[in-house]
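Inspection log for the structure reproduced underneath, given as C-alpha cells.
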Amino acid sequence: MNDWNSGAPRPVEILDIPVTPGADYRPPRPPRDPLWPALALFLLTVVSTLAVGAEFGLSYQQNREPFSGYQDPLALMLLPFQHPKLLLVGIPFSFTLLLILFTHEMGHYVACRIYGVDASYPYFIPAPTLLGTFGAFIRIRSPITTRRALFDVGLAGPVAGFAIALPALAYSVATSRIVPGAEEASSVVFGHPPLLRLLSATFHPHADVSWLLLSPVGRAAMVGLLVTAMNLLPVWQLDGGHIMYSLTSERHPRISLGVSLALIGIGIIAWRGWATWGIILLILSLRFRHPPVYDPWQPIDPARRTWAAIGLVIFALSFTPWPVMLR
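At position 252 of the sequence shown the residue is numbered 246 (our numbering), and the sequence of numbers has no breaks.
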C-alpha cells in the first residue's frame, strides 16, 4: 500500500483530483430530487403487482398453479381491472414483494448515508409482466471514495433483501400444499432455485419440489430471489460488479465481459431472459467502465472478504437458469 507522504509518484488516475492527503473528502451534494416521481412510480408498481398478485392469490385459493388452464396469461392479469375487488386478493404477493425490494434499496441507501454518499429515494419500476415489476433502484449522485465504502454499499442491498426473502420463502414452503402434477396444467412454470430445493427437502423430504403449491407470499419471495441473483452478478455497475471492483479492480473489466458472455450462453440453452440481460450488460461493460474510487489502495479486511463469500453463497442459492418457462 502506497503512502501519500512517501514521495512516490501518484498514479495518473488521481493526479487531477483535488484531494488533500489524509483528508476525509466529502464532495458537495447536488440538489435533492423531487419526491413526486418516486411516489408516482411506487403507486403504479403497487397497482401492477396487485394485478399480478390477484392471479397468484386466486390460484392458491383454487388449489392450482398460477396461470394454469387455457386462458391467456395477459387476460388473467387484466381481470382485476374489470373486477377491482380482486385487487384485494393480490395484497399478500404485492406487499411482500414490495417489502423485499424496498428493504434491498434501503440497504444501499443506509450504507450510502453512513459513508456520506448522496443517494436518491428508491425508484420502483412498474411493468406489465408476469411479475408486475422490473424491480427498483436508487441513484448514487456523488462519488464513492474508498474500496470499503464501495464494497459495503454494493453488498448491503442484496443481504438486506435476502434477509426478508429467506423467512418468507421458508414459511411458505413449510405451509405449502402438496399437489402432485400441479405444474402440468400450467402455461407458466416457475423455476426451482437451489434455496427452494433445499427448503423443500427440509420440510417435505418425500415430495418432489414441483409438487409444492406455494402461497402468494412464497411467490413474492421467489421473485425477490431472482432480483437478488440478477443484482449479485459480478458485472459492470451491478451490486456484484461493485463488490468485484472493490476486491479486484484490475480484473473487473475481464470478469464483466466473461460473465456477460456466459449469461448469453445460458440464455441460448435455458431462459432467453438471461441472454437479453447478458447482451445489455455486455454493451454497458464495453461502453461505460466502472468509475474508479479515490483511494484504490485501501485494503479489504478479512471480515469483508468473509462477507464477500456470504454474498457468493446468497447468489448460488438464488440463481437458476430457468426462472420462468412458458409452455
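Glycine included, each C-beta is placed from N, C-alpha and C at the ideal position.
Keep in mind it's a predicted model, so treat the numbers as computed, not measured.
Do you know how far the Cα of residue j is from the Cα of residue i?
i, j, result
"Met216", "Asp289", "38 Å"
"Thr242", "Trp268", "25 Å"
"Pro15", "Arg141", "The predicted model places Pro15 with a pLDDT of 44, which falls under 50 and marks its position as unreliable; any figure quoted below should be read in that light. When rounded, the distance between both Cα atoms is 17 Å."
"Glu178", "Pro199", "21 Å"
"Phe36", "His186", "29 Å"
"Ser194", "Ala176", "16 Å"
"Thr90", "Tyr117", "17 Å"
"Gly126", "Trp291", "42 Å"
"Leu80", "Ser53", "12 Å"
"Arg107", "Ala113", "8 Å"
"His284", "Pro28", "27 Å"
"Pro3", "Pro286", "Only weak support is given to the placement of Pro3: the predicted model assigns it a pLDDT of 44, under 50, and the value that follows is read from those uncertain coordinates. When rounded, the distance between both Cα atoms is 18 Å."
"Ser88", "Trp205", "24 Å"
"Phe197", "Arg191", "10 Å"
"Arg262", "Tyr239", "Going by the sequence as given, residue 262 is Ile instead of Arg. Cα to Cα, Ile262 sits roughly 28 Å from Tyr239."
"Ala121", "Phe128", "6 Å"
State buried or exposed for residue i, treating a residue as buried only when at least 16 other CB atoms are found within 10 Å of its CB.
i, result
"Phe75", "exposed"
"Ile308", "buried"
"Pro228", "buried"
"Pro5", "In this prediction, Pro5 has a pLDDT of 41, which is less than 50 and means its spatial position is unreliable; nothing more can be read from the coordinates."
"Pro86", "buried"
"Ala303", "exposed"
"Thr43", "buried"
"Ala34", "exposed"
"Leu95", "buried"
"His346", "Since the first residue of the chain shown is -5 and the last is 321, residue 346 is not available in this structure."
"Thr314", "buried"
"His236", "buried"
"Phe145", "buried"
"Gly259", "exposed"
Have a look at the DSSP bridge pairing and note the partners of residue i.
i, result
"Gly129", "Ile119"
"Val229", "Bridge partners of Val229: none, in fact."
"Ser180", "Ser62"
"Ala195", "Answer is none; Ala195 lacks a bridge partner."
Taking a contact to mean a Cβ-Cβ separation below 8 Å, would you say residue i touches residue j in this structure?
i, j, result
"Ser250", "Trp271", "no"
"Tyr109", "Ala143", "yes"
"Ala130", "Gly84", "no"
"Val40", "Leu92", "yes"
"Ser181", "Phe61", "yes"
"Val203", "Ala162", "no"
"Ala201", "Ile172", "yes"
"Leu124", "Ser170", "no"
"Pro317", "Trp265", "yes"
"Leu219", "Ala159", "yes"
"Thr97", "Gly155", "yes"
For the ligand FAD, I want to know if residue i counts as a neighbour, meaning its beta carbon is within less than 7 Å of at least one of the ligand's heavy atoms.
i, result
"Ala302", "Of the ligands one can find in the structure shown there are none, so the ligand FAD has no counterpart to examine."
- Say whether the region 157 to 169 touches the region 134 to 147, bearing in mind that this needs 3 or more beta-carbon pairs closer than 8 Å, one atom from each stretch. no
- Query: How do the region 137 to 152 and the region 51 to 66 stand: do at least 3 beta-carbon pairs fall below 8 Å, yes or no?
  - Reply: Counting C-beta pairs closer than 8 Å gives fewer than three between the region 137 to 152 and the region 51 to 66, which falls short of the contact rule.
- Query: Counting pairs of Cβ atoms below 8 Å between the region 295 to 312 and the region 209 to 225, do you hit three or more?
  - Reply: yes
- Message: Contact between the region 100 to 118 and the region 143 to 153 is defined here as three or more beta-carbon pairs at a separation below 8 Å; is this criterion met?
- Response: yes
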